[in-house]
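Numbering (this note's numbering), first residue to last: 5 to 637.
Ideal placement from N, C-alpha and C gives every residue a C-beta, glycine not left out.
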């Protein structure tokens with residue numbers, strides 16, 4: 005029998021992860037270091053603490069650091085800088101390729117090679133913080149086996165200030181995890197002259213009259229920022245600077261930085277088979293010329309206009325198109341004279357009142373947020389659910405014999421669509437739950453091979469992770485509330501449990517809690533049940549299922565025939581693919597079909613003058629000769 009809770013195994017020799025680790029450790033190559041106790045002093049008055057602390061004592065020379073940075077950038081085909089500026093260095097890794105593992109292991113490599121001991125991991129939110137803590141707990145024995153080193157980790161807690169002193173004085177590897185919010189407000193308070201902030205900047209007798217921040221900054225910590233794109237505001241950057249870091253290391257899937265040292269983008273991750281291949285199953289016909297399609301997008305009260313999505317183009321090449329309309333606009337003209345808009349589709353009224361936005365047409369039809377024409381929304385969602393279940397069944401038939409649990413994830417935009425409550429507060433299935441169970445039963449009855457799957461009762465197979473209100477009812481939230489944090493903690497606790505074949509739950513419905521920081525390697529189907537199309541980026545949703553799956557022994561599966569993620573979309577394949585490509589280009593700063601200059605970093609050519617092989621520089625000519633005139637796109 006499989007264990008109720010999966011214990012993941014980690015491969016310590018993956019080349020892409022080693023490359024990312026070396027990109028950081030090589031920055032310190034050849035720099036002098038010391039490993040001795042030091043007296044920690046406060047910055048304002050240079051008074052010594054009575055305690056002796058252990059800090060990071062590598063002596064960093066900016067010129068040597070810049071030389072190392074350029075060497076690392078050239079090796080990794082990244083545009084080389086001539087001026088380093090701040091000691092901030094970025095590592096870009098596609099979602100699902102082990103970003104958290106990489107920066108945690110980098111900590112131990114920096115300790116092994118250079119004796120560094122003090123590290124601060126800064127996160128932008130509670131959910132990401134919980135994900136980091138979960139990763140440390142999961143990987144603890146793995147790292148101990150690799151490095152045989154004592155280390156401690158903790159969360160900054162204003163109610164446990166003694167832990168800050170231990171962080172400074174301990175002669176072991178120390179990892180402190182802290183929310184950016186914990187010291188943004190304190191920074192603002194201190195800079196505003198309001199008495200030293202809430203806690204972290206406030207002196208305490210138990211700390212010999214010094215503030216927690218003095219102990220932290222006195223160690224010259226290596227600061228690691230998870231999801232740095234979330235902490236780019238000026239006040240966040242001031243707060244980070246107040247930690248007095250030796251260096252700052254920034255890790256993200258989508259972050260642009262001049263001091264980038266490593267990049268593993270979505271294309272490279274796919275080509276190296278480090279993530280699942282994405283497939284799209286669309287339940288929409290490419291176009292239906294027999295009915296008028298209109299979807300409300302947004303209002304612009306300043307310019308007195310509203311944006312709607314319609315069908316445009318000729319009979320042979322129709323496409324969905326977003327257009328701005330005003331009173332008197334005719335959709336027939338805007339749509340290239342498509343016949344379905346010939347009668348009744350002149351804009352007669354627009355409303356920009358918050359909560360009551362709409363566009364009304366001469367035929368009496370009206371569209372607003374959540375209200376569309378010509379989409380057959382319920383029919384589409386039912387078809388999506390059926391398609392997802394069938395895809396799940398097929399995947400389970402092929403993967404269960406290999407000991408691979410199959411999970412499906414549904415994104416919904418209203419909790420009430422999945423779970424309703426009667427007047428007595430008793431929960432009952434919403435329409436999505438009812439449709440799910442009906443489709444599940446129909447497919448099991450219709451196809452003998454599905455009926456042979458060893459499943460418990462259908463009610464145990466699906467459930468939702470939703471935030472709960474004071475009446476213990478599931479509710480819609482923004483994803484940023486305290487209730488969401490509790491929901492997120494539950495998901496994190498169940499992450500490995502869900503991988504066990506003994507755990508009946510296979511179909512997961514989520515509203516807002518599943519965002520960056522949570523993923524599950526065995527998600528093979530993602531279904532977007534959003535009535536008005538998802539406002540979240542496709543890349544973020546897809547990221548929840550990109551990680552390579554594991555079997556019941558916790559081992560990663562690298563078979564490309566297994567590693568496929570099916571997205572059941574509520575839009576046409578062409579729309580989905582076009583939008584996803586634009587997001588990849590925007591987030592990854594790439595252009596499909598173009599070769600960047602940096603791709604020529606490690607290319608050699610024959611110098612016509614000397615007859616020797618020489619390296620090509622990023623400027624597009626050989627390093628040793630000005631006669632070669634090749635150019636990079």
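Residue 112 - DSSP class collapsed to helix/strand/coil:
Residue numbering aside, residue 112 sits at position 108 when the chain shown is read from its first letter. Of the three classes helix, strand and coil, the one that applies to residue 112 here is helix, per DSSP.
Helix, strand or coil for residue 314? Go by DSSP, reduced to three states.
Here residue 314 is taken as the residue at index 310 of the chain shown, counted from 1. Strand.
What does a CB cutoff of less than 8 Å around residue 233 pick up in its chain, not counting 5 residues either side in sequence?
Translated into positions along the chain shown, residue 233 becomes position 229. Within the same chain, residue 233 has close Cβ partners 256, 258, 259.
Nearest to residue 230 by alpha carbon, out of 509, 461, 410, 135?
Counting from 1 along the chain shown, the entry for residue 230 is found at position 226. When only C-alpha atoms are compared, the closest one is 135.
How big is the Cα-Cα spacing for residue 529 and residue 283?
What you label residue 529 is simply residue 525 of the chain shown in a count that begins at 1. What you label residue 283 is simply residue 279 of the chain shown in a count that begins at 1. Answer to the nearest angstrom: the Cα atoms are 9 Å apart.
Quick one: is residue 542 buried, meaning 16 or more other Cβ sit within 10 Å of its Cβ, or exposed?
Your numbering for residue 542 matches position 538 in the chain shown. So residue 542 counts as buried.
Residues that DSSP places opposite residue 286 in a beta bridge
Within the chain shown, residue 286 is the residue found at index 282, counting from 1. Answer is 573, bridged to residue 286.
Less than 8 Å between the beta carbons of residue 296 and residue 345, yes or no?
Here residue 296 corresponds to residue number 292 of the chain shown, with the count starting at 1. Here residue 345 corresponds to residue number 341 of the chain shown, with the count starting at 1. Inclusion of residue 296 and residue 345 in the CB contact set at 8 Å is warranted, their separation being smaller than that value.
Looking at the structure shown, is residue 466 part of a helix, part of a strand, or coil, going by DSSP?
For the purposes of this step, residue 466 is taken as residue 462 along the chain shown, with counting starting at 1. In this structure, residue 466 counts as strand in the three-state DSSP scheme.
Among the candidates 74, 29, 402, whose CA atom is the shortest distance from the CA of residue 563?
Looking up residue 563 in the chain shown gives position 559. Ranking the options by Cα distance to residue 563, first place goes to 402.
First through last residue of the alpha helix (DSSP H) which encompasses residue 21
On the chain shown, residue 21 is found 17 positions in, with the first residue counted as 1. 19-29 is the extent of the alpha helix (DSSP H) around residue 21.
For residue 368, the nearest candidate out of 381, 558, 351, 503 (CA to CA):
As a first step, residue 368 is located in the chain shown; it is residue number 364 there, counting from the start. When only C-alpha atoms are compared, the closest one is 351.
DSSP beta-bridge partners for residue 350?
Residue numbering aside, residue 350 sits at position 346 when the chain shown is read from its first letter. 334.
Please classify residue 457: is it buried, with 16 or more other beta-carbons within 10 angstroms of its beta-carbon, or exposed?
Position 453 of the chain shown, counted from the first residue, corresponds to residue 457. By the Cβ neighbour-count rule, residue 457 is exposed, with fewer than 16 other Cβ atoms within 10 Å of its own.
Among residues of its own chain, excluding the 5 on either side of residue 531, which ones have a beta-carbon nearer than 6 Å to its beta-carbon?
Taking the first residue of the chain shown as 1, we reach residue 531 at position 527. Cβ contact annotation for residue 531 (same chain, cutoff 6 Å, sequence separation greater than five): 388, 392, 414, 572, in chain order.
Going straight from the alpha carbon of residue 397 to that of residue 286, what length do you get?
For the purposes of this step, residue 397 is taken as residue 393 along the chain shown, with counting starting at 1. For the purposes of this step, residue 286 is taken as residue 282 along the chain shown, with counting starting at 1. C-alpha separation (whole angstroms): 18 Å.
So what does residue 252 bridge to, in DSSP terms?
Looking up residue 252 in the chain shown gives position 248. Residue 252 pairs with 92, 227.
How is residue 99 classed by DSSP in three states: helix, strand or coil?
Here residue 99 refers to the residue found at position 95 when the chain shown is read from its first residue. Coil, per DSSP.
In its own chain, which residues sit with a C-beta less than 7 Å from the C-beta of residue 48, not counting the 5 before and 5 after it?
On the chain shown, position 44 is the one that residue 48 refers to. Because the pLDDT at residue 48 is just 41, under 50, the model does not fix this residue reliably, and the point stays unresolved.
Residues that residue 157 bridges to, as DSSP identifies them
In the chain shown, the residue the question calls residue 157 occupies position 153. Note: residue 157 sits in a beta bridge opposite 179.
When you compare each of 315, 555, 587 to residue 339 by their alpha carbons, which one comes out closest?
Stepping through the chain shown from its first residue, residue 339 is reached at position 335. Check the Cα spacing between residue 339 and each of 315, 555, 587: the tightest is with 315.
Going by other Cβ atoms of all chains shown within 10 Å of its Cβ, with 16 needed for buried, is residue 434 buried or exposed?
Residue mapping note: residue 434 aligns to position 430 of the chain shown, counting from 1. Buried, by the Cβ-count rule.
Nearest residue (CA-CA) to residue 358, options 302, 395, 405
Along the chain shown, read from residue 1 onward, the residue named residue 358 stands at position 354. Nearest of 302, 395, 405 to residue 358, Cα basis: 302.
Please report the distance separating the alpha-carbon of residue 112 from that of residue 121.
On the chain shown, position 108 is the one that residue 112 refers to. On the chain shown, position 117 is the one that residue 121 refers to. Rounded to the nearest angstrom, the gap between the Cα atoms of residue 112 and residue 121 is 9 Å.
How about the segment 7-26 and the segment 100-110: do they share at least three Cβ pairs that are nearer than 8 Å?
As far as the Cβ criterion goes, the segment 7-26 touches the segment 100-110, which means the pair count is three or higher.
Taking the C-alpha atoms as reference points, what is the distance between residue 585 and residue 270?
Along the chain shown, one-based indexing puts residue 585 at 581. Along the chain shown, one-based indexing puts residue 270 at 266. C-alpha separation (whole angstroms): 11 Å.
Applying the 10 Å Cβ sphere with the 16-neighbour rule, what's the burial state of residue 488?
Taking the first residue of the chain shown as 1, we reach residue 488 at position 484. Since pLDDT at residue 488 reaches only 49, below the 50 mark, its modelled position is unreliable, and the value read off the structure follows with that caveat. By the neighbour-count rule (16 or more Cβ atoms within 10 Å), residue 488 is buried.
Supposed contact pair residue 235 and residue 249 - C-beta distance, whole angstroms, cut 8 Å
Mapped onto the chain shown, residue 249 falls at position 245. Mapped onto the chain shown, residue 235 falls at position 231. No, residue 249 and residue 235 are not in contact; Cβ-Cβ is about 13 Å, not under 8 Å.
So, at 7 Å on beta carbons, what are the nonlocal neighbours of residue 422 in its own chain, with the 5 sequence-adjacent residues on each side left out?
Working through the chain shown from its first residue, we reach residue 422 at position 418. Apart from sequence neighbours up to five positions away, the residues of its chain that approach residue 422 with a beta-carbon distance below 7 Å are 416, 434, 436, 437, 468, 513, ordered along the chain.
Can you tell which of 125, 349, 261 has its C-alpha closest to the C-alpha of residue 77?
Here residue 77 refers to the residue found at position 73 of the chain shown. Cα-wise, what sits closest to residue 77 is 261.
Counting along the chain, where does the beta strand (DSSP E) carrying residue 299 start and finish?
On the chain shown, position 295 is the one that residue 299 refers to. That run of the beta strand (DSSP E) goes 298-304.
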